[in-house]
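If you're matching them up, the sequences are chains A and B in order. Residue 277 is where the first sequence starts when you use this note's numbering, and the numbers rise one by one after that. Residue 277 is where the second sequence starts when you use this note's numbering, and the numbers rise one by one after that. All residues carry an ideal CB built from backbone N, CA and C; glycine is no exception. These figures come from a predicted structure and were not determined experimentally. Read through the structure below, which is laid out as structure tokens, and then see the notes.
Number of protein chains: 2
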Amino acid sequence: MMTTNKTISTFIPPVRTLMGPGPSDVHPRILNAMARSTIGHLDPEFVALMDEMKTLLQYAFQTKNELTIPVSAPGSAGMETCFVNLIEPGDTVIVCQNGVFGGRMKENVERIGATAIMVEDEWGMPVDPNKLEEALKAHPEASTVAFVHAETSTGAQSDAAALVKIAHAHDCLTIVDAVTSLGGTPVKVDEWGIDAIYSGTQKCLSCTPGLSPVSFSDAAVERIKNRKTAVQSWFLDLNLVMGYWGAGAKRAYHHTAPVNGLYGLHEALVILQEEGLENAWARHQSNHLALRAGIEAMGLSFVVPEAARLPQLNAVTIPDGVDEAAVRGRLLNDFNLEIGAGLGALAGKVWRIGLMGHASNAKNIMFCLGTLDTVLTDMGAPIKNGVAVAAAQAAMS
Amino acid sequence: MMTTNKTISTFIPPVRTLMGPGPSDVHPRILNAMARSTIGHLDPEFVALMDEMKTLLQYAFQTKNELTIPVSAPGSAGMETCFVNLIEPGDTVIVCQNGVFGGRMKENVERIGATAIMVEDEWGMPVDPNKLEEALKAHPEASTVAFVHAETSTGAQSDAAALVKIAHAHDCLTIVDAVTSLGGTPVKVDEWGIDAIYSGTQKCLSCTPGLSPVSFSDAAVERIKNRKTAVQSWFLDLNLVMGYWGAGAKRAYHHTAPVNGLYGLHEALVILQEEGLENAWARHQSNHLALRAGIEAMGLSFVVPEAARLPQLNAVTIPDGVDEAAVRGRLLNDFNLEIGAGLGALAGKVWRIGLMGHASNAKNIMFCLGTLDTVLTDMGAPIKNGVAVAAAQAAMS
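Here it is in structure tokens:
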């Protein structure tokens with residue numbers, strides 16, 4: 277009999293303030309929901325929850341799409357769900373990349389045995405619609421256009437409506453990453469004509485990580501039903517998942533749904549419905565302006581041009597000569613505050629300050645600016661001291 | 277702006293007793309753990325939790341395998357992780373099937389573009405080692421043998437040690453489904469020489485559904501590192517997952533881990549460690565004997581021969597002329613008790629009564645037997661009435 281060489285106890289996490297790129301602060305009502313008693317994944321009460329979940333997600337995505345469900349795994353699996361269901365070996369996909377997650381889309385395309393044509397933009401900039409148009413003209417064989425609506429690695433927002441319109445004009449379906457945008461800035465699936473979209477729970481929905489809301493248009497469902505080859509993933513095959521999440525009383529067992537995680541997401545979406553989407557978008561925007569006032573008052577600046585800036589994810593340049601990891605370490609250790617590091621091409625160049633969902637509030641803004649001011653001042657960074665909090669407060673009133 | 281056509285409120289689930297094939301009753305300590313404050317997936321405190329998780333899972337699996345982690349999705353994704361990482365297009369895999377989940381293994385093999393050679397046994401019977409031996413002789417090109425240790429659809433247990441030994445004698449690696457066995461009956465990865473194994477959290481670990489513990493031997497890791505082709509799933513590619521879960525302080529971001537779900541699994545494994553694996557196995561066995569005494573006293577019988585019977589999943593034959601769904605409906609609606617229906621070839625022929633993890637206790641046995649007795653008596657079923665509970669109690673003392 278093998279035993280562990282140490283006795284391990286219950287894990288009691290510290291209470292952090294999560295202002296990085298996600299997971300973000302979770303609403304206490306959602307944590308409470310997670311702890312409710314587990315019921316079976318085929319229980320009639322659970323089926324009722326699934327029906328409500330679909331309605332709530334349709335509202336969040338602003339869509340009437342029947343196939344609007346949470347994938348039982350994190351956002352990366354939501355991305356993979358879109359790609360493995362819509363793309364077949366030999367297909368050509370135009371992938372717009374302006375950050376880390378466009379690169380992950382390329383990986384997805386290539387692992388299917390399809391070809392990815394890359395449309396590259398500078399990290400921190402939105403996707404250039406003209407470049408997409410050029411790529412589509414050069415590749416009439418393309419069946420699909422994929423892009424990231426809100427690049428979590430940079431904080432840049434692209435014009436999803438414009439990109440979808442161009443894709444449709446070239447008879448392509450669209451796959452859109454809305455992991456960081458859903459619930460924080462407008463995402464209008466039907467109005468914009470998006471065919472396949474995925475998101476995450478741990479950003480502007482204020483929920484714990486682990487699930488990925490997705491939605492598919494009728495055209496996307498049509499394509500999935502008429503595939504020539506089987507979907508390469510059994511777990512993510514929507515032809516099977518539809519049998520479980522589909523309409524009607526008769527649900528076919530596919531996999532065991534993450535019941536308590538779904539309690540949490542349901543509660544997150546109830547909270548969003550109570551606030552109202554437009555109010556949530558407005559709150560994210562006004563809180564971003566307050567944070568911006570404080571950041572700029574310190575003499576720091578933003579990477580992303582104002583017009584493309586996501587209010588919920590602020591990529592802030594690091595002052596000269598500052599050890600950025602040391603700053604994050606002190607914020608975490610002295611103040612239990614997490615902000616994010618740069619990723620990929622922006623690693624070491626920016627901090628990513630999230631104001632997502634429940635975390636987008638006045639207290640967090642004041643706390644973050646005050647502690648950042650304190651730590652940078654203490655480290656002798658070239659900033660304007662002692663003015664950030666007041667500037668944010670002025671912007672709020 | 278589209279709005280929902282109804283206002284949806286917080287979901288308050290009923291308090292059920294879960295004695296089906298899983299999810300099973302969740303220990304209250306685990307539900308509490310799920311509700312603790314979320315921290316970042318790259319937080320040093322979370323990295324410490326990951327290290328502890330690995331140690332705890334190594335204990336549960338009885339292995340020193342370095343690559344012992346929870347996949348961030350349910351058991352079906354754990355299965356898929358094993359197949360897509362170990363199998364390449366063109367490979368030949370011997371798949372032993374004696375229930376639903378062997379069939380799912382075949383689906384996995386074929387979606388990789390590999391060939392599945394099926395070794396079929398009757399549902400309810402264990403896998404016949406002689407048939408495996410014959411198949412391996414007939415297919416010297418086979419690289420891998422896959423089988424289900426504990427068939428959740430039937431309650432039959434196969435002799436994993438014997439099957440692995442035969443596979444190794446023919447230079448095959450092994451993939452083993454231990455979704456229902458882990459924590460309930462002996463699973464000895466190193467002693468038995470298993471190369472790849474996956475389980476679920478919602479059975480004998482008493483945890484919520486949504487994660488899949490897996491473990492891989494050195495030989496399996498060697499094969500994964502030396503693949504000729506890329507793993508077809510980006511999300512499940514262990515070459516990437518190892519960078520996040522791997523040893524050392526420097527963790528590479530892969531996907532966002534389901535933080536609160538992992539709190540729950542950690543607590544589940546701490547509870548298992550406190551009880552001790554051997555005590556947990558003994559508890560499952562003695563409680564099975566008590567349930568059996570009651571079931572047999574009623575005049576009902578078991579599908580699986582005694583030697584292969586899983587103590588944690590009891591497939592019980594339905595008395596003649598009884599509407600089995602109506603019985604389950606009354607148990608659920610009148611008593612908040614969930615037992616399972618038959619699946620696949622056993623649909624309509626059996627009930628599946630789970631005694632898994634925290635749910636394997638004297639109270640549940642008495643409650644289940646008492647209510648089943650009551651409902652069957654009320655429905656005029658041909659059983660011996662009013663003796664089941666006493667028989668179980670006698671077996672316990």
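Would the region 583 to 597 of chain A count as touching the region 545 to 552 of chain A if we require 3 or more Cβ pairs under 8 Å? no
Which chain A residues sit within Cβ distance under 8 Å of B:N384? Position 108 of the second sequence holds residue 384 of chain B. Correct list: W510.
Would you list, in sequence order, the uninterrupted beta strand (DSSP E) runs of no fewer than 3 residues that lie entirely inside the region 342 to 394 of chain A? 343 to 347 and 368 to 373
Does the beta carbon of A:Y335 sit closer than 9 Å to a beta carbon anywhere in chain B? As a first step, residue 335 of chain A must be located in the first sequence, where it is residue number 59. Judged by the 9 Å Cβ criterion, A:Y335 is in contact with chain B.
Decide if the region 344 to 359 of chain A is in contact with the region 464 to 475 of chain A; the criterion is three or more beta carbon pairs, one per stretch, under 8 Å apart. yes
Return helix, strand or coil for A:I615, following the three-state DSSP convention. As a working mapping, residue 615 of chain A is identified with position 339 in the first sequence. Reduced to three states, the DSSP call for A:I615 is strand.
Comparing the C-beta of B:T279 with each C-beta of chain A, is any distance below 9 Å? Position 3 of the second sequence, counted from the first residue, corresponds to residue 279 of chain B. So, interface residue.
Selected residue, minimal CA-CA separation from B:V665, among B:A566, B:G620 and B:R628: One-based indexing of the second sequence puts residue 665 of chain B at position 389. That would be B:A566, whose Cα lies nearest to the Cα of B:V665.
Counting Cβ pairs closer than 8 Å, one from the region 421 to 441 of chain A and one from the region 594 to 610 of chain A, do we hit at least three? no
Could you work out which residue in A:P297, A:N536 and A:V376 is closest to A:G633 when comparing CA atoms only? Mapped onto the first sequence, residue 633 of chain A falls at position 357. Nearest of A:P297, A:N536 and A:V376 to A:G633, Cα basis: A:P297.
Drop a sphere of 10 angstroms on the beta-carbon of A:V517, count the other beta-carbons inside from all chains shown, and report buried for 16 or more, exposed for fewer. Position 241 of the first sequence, counting from 1, holds the residue named residue 517 of chain A. So A:V517 ends up on the buried side.
Counting only the same chain and skipping the five closest in sequence on each side, list residues whose C-beta sits under 6 Å from that of A:L487. As a first step, residue 487 of chain A is located in the first sequence; it is residue number 211 there, counting from the start. The residues are P346, T477, G537 and L541.
Which residues in chain A sit within 8 Å of B:G633, going by Cβ to Cβ distance? As a working mapping, residue 633 of chain B is identified with position 357 in the second sequence. Correct list: empty, because the minimum Cβ distance to chain A is about 12 Å.
Suppose contacts are defined by Cβ-Cβ distances below 9 Å. Is B:W468 in contact with B:T430 by that definition? For the purposes of this step, residue 468 of chain B is taken as the residue at position 192 of the second sequence. For the purposes of this step, residue 430 of chain B is taken as the residue at position 154 of the second sequence. No, these two residues do not count as a Cβ contact at 9 Å.
Could you tell me the distance, in whole angstroms, from the CA atom of A:D301 to the CA atom of A:A558? Locating residue 301 of chain A in the first sequence gives position 25, where the first residue counts as 1. Locating residue 558 of chain A in the first sequence gives position 282, where the first residue counts as 1. Taking the straight line joining both Cα atoms gives about 19 Å.
Rounded C-alpha distance that separates A:A671 from A:A569: Locating residue 671 of chain A in the first sequence gives position 395, counting from the first residue. Locating residue 569 of chain A in the first sequence gives position 293, counting from the first residue. So the alpha carbons of these two residues sit roughly 7 Å apart.
Return the CA-CA distance between B:S482 and B:A544, expressed in angstroms with no decimal places. Sequence index remark: in the second sequence, residue 482 of chain B carries index 206 (1-based). Sequence index remark: in the second sequence, residue 544 of chain B carries index 268 (1-based). Rounded to the nearest angstrom, the two C-alpha atoms are 7 Å apart.
Runs of beta strand (DSSP E) lying entirely within the region 288 to 319 of chain A, each at least 3 residues, in chain order: 293 to 295
Can B:S457 and B:A426 be called in contact, C-beta distance under 9 Å? Taking the first residue of the second sequence as position 1, residue 457 of chain B is located at position 181. Taking the first residue of the second sequence as position 1, residue 426 of chain B is located at position 150. In contact: B:S457 and B:A426 (Cβ atoms closer than 9 Å).
Residues in the same chain with beta-carbon distance under 7 Å from B:A573, minus the five sequence neighbours each way, listed in chain order, please. What you label residue 573 of chain B is simply residue 297 of the second sequence in a count that begins at 1. Answer for B:A573: K660, V663, A664 and A667, listed in chain order.
Where do the ends of the beta strand (DSSP E) carrying A:V663 lie? For the purposes of this step, residue 663 of chain A is taken as the residue at position 387 of the first sequence. Where A:V663 is concerned, there is no enclosing beta strand (DSSP E), given that its DSSP letter is neither H nor E.
Mind checking the region 342 to 359 of chain B against chain A and listing, in chain order, the residues whose C-beta falls within less than 7 Å of any C-beta there? S348, A349, P350, G351, S352, A353 and E356
Cα separation between A:D494 and A:G522? The residue you call residue 494 of chain A lines up with position 218 of the first sequence. The residue you call residue 522 of chain A lines up with position 246 of the first sequence. Approximately 14 Å, taken between the alpha carbons.
Extent of the continuous alpha helix (DSSP H) run through B:R527: Position 251 of the second sequence holds residue 527 of chain B. It is not in any alpha helix (DSSP H) - B:R527 carries neither H nor E in the DSSP assignment.
So, using beta-carbon positions, are B:V651 and B:H317 closer together than 9 Å? To locate residue 651 of chain B, count along the second sequence from 1; it is residue 375. To locate residue 317 of chain B, count along the second sequence from 1; it is residue 41. Not closer than 9 Å, so no.
Look at A:L325 and B:P289 and say whether their C-beta atoms are less than 9 Å apart. Against the first sequence, residue 325 of chain A aligns to sequence position 49. Against the second sequence, residue 289 of chain B aligns to sequence position 13. In contact: A:L325 and B:P289 (Cβ atoms closer than 9 Å).
In whole angstroms, what separates the C-alpha of A:V626 from that of B:I641? The residue labelled residue 626 of chain A in the question sits at position 350 within the first sequence. The residue labelled residue 641 of chain B in the question sits at position 365 within the second sequence. Cα to Cα, the separation comes out at about 59 Å.
Once you ignore the five residues that flank B:F511 on each side, which residues in its own chain have a CB closer than 7 Å to its CB? Residue mapping note: residue 511 of chain B aligns to position 235 of the second sequence, counting from 1. Answer for B:F511: H531, listed in chain order.
Using beta-carbon positions only, say whether A:G375 and A:T428 come within less than 9 Å of one another. Walking along the first sequence from the start, residue 375 of chain A turns up at place 99. Walking along the first sequence from the start, residue 428 of chain A turns up at place 152. Yes, Cβ-Cβ distance for A:G375 and A:T428 is below 9 Å.
Quick check on A:D319: buried or exposed, where buried means 16 or more other Cβ atoms within 10 Å of its Cβ? Locating residue 319 of chain A in the first sequence gives position 43, where the first residue counts as 1. By the 10 Å Cβ count, A:D319 comes out buried.
Distance cutoff 9 Å, beta carbons only. Does B:V535 sit that close to anything in chain A? Position 259 of the second sequence, counted from the first residue, corresponds to residue 535 of chain B. With 9 Å as the cut-off, B:V535 counts as an interface residue toward chain A.
DSSP three-state call for A:I594: helix, strand or coil? Here residue 594 of chain A refers to the residue found at position 318 of the first sequence. In the structure shown, A:I594 sits in coil (DSSP, three-state: anything other than H, G, I, E or B).
From this set, A:V546, A:V463, A:A617 and A:G618, which residue's C-alpha is nearest A:T339's C-alpha? Translated into positions along the first sequence, residue 339 of chain A becomes position 63. If we check each option's Cα against that of A:T339, A:V463 comes out closest.
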